[in-house]
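Before any comments, here is the structure.
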Amino acid sequence: MITYSSVLSSLKFLVLALAVVHFLPLSTALAGEDYGGLPPGKGRQTTYDACNACHSTMLVAQQRLARDIWEETLDWMVEEQGMDELDHDERAEILDYLSTYLSEDTPR
Ligand code: HEC
Numbered sequence: 153m154i155t156y157s158s159v160l161s162s163l164k165f166l167v168l169a170l171a172v173v174h175f176l177p178l179s180t181a182l183a184g185e186d187y188g189g190l191p192p193g194k195g196r197q198t199t200y201d202a203c204n205a206c207h208s209t210m211l212v213a214q215q216r217l218a219r220d221i222w223e224e225t226l227d228w229m230v231e232e233q234g235m236d237e238l239d240h241d242e243r244a245e246i247l248d249y250l251s252t253y254l255s256e257d258t259p260r
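Encoded structure:
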């Protein structure tokens, strides 16, 4: 039987569900859990930590570069933009990440 109160509680549920659906992406973005658009993959956390210090990693995620151009970009960050020199392992991990998941062949 459809009663006023059952309609009302369905409506409440609907409003709540919509609120949750709308709020989730926002809260994820605010918490920085979306890694500024960096695609998932090995080395993402290291890359995020190193590159998010000065600018949004959206700036990184929108690029599609060959490995040697990524190398030049890292050198440029260090030589001209004031990034601390990465240690050997960290640099290798970041370069592997960038040239695997943000290569010229990665679809946009
Ligand atoms: C110490 C600060 C700093 C850090 C750390 C840093 N960057 Fe940057 N980056 C900059 C600045 C400043 C610019 C803007 C340079 C300009 O456009 O003149 C920039 C710009 C860029 C751009 C945009 C280039 C373009 O063509 O517009 C890319 C790509 C980039 N950085 C990649 C990286 C990556 C990858 C990392 C992490 C390994 C990183 N950055 C870490 C300071 C930094």
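For the numbering used here, count along the sequence shown from 1 and bump the result up by 152.
By construction, the Cβ of each residue, glycine as well, lies at the ideal position given by its N, Cα and C atoms.
Because the structure is a prediction, the values reported are computed rather than measured.
Checklist entry - CB-CB under 8 Å to Gly-193, same chain, minus the five flanking residues each way: which ones, in chain order? => result Tyr-249, Thr-252, Tyr-253
Item to check | Beta-carbon contacts of Gln-198 that lie in its chain and below 8 Å, excluding the five residues immediately before and after | outcome: Sequence check: residue 198 is Thr here, not Gln. Answer for Thr-198: Glu-242, Glu-245, Ile-246, Tyr-249, listed in chain order.
Item to check | Distance, Ala-205 Cα to Ala-169 Cα | outcome: 36 Å
Item to check | Contact check, Arg-196 vs Glu-256, beta carbons under 8 Å | outcome: no
Next on the checklist: Among the candidates Gln-214, Leu-211, Met-210, Leu-238, whose CA atom is the shortest distance from the CA of Glu-223?
Outcome noted: Leu-238
Checklist entry - Alpha carbon to alpha carbon, what distance is there between Asp-227 and Ile-221? => result 10 Å
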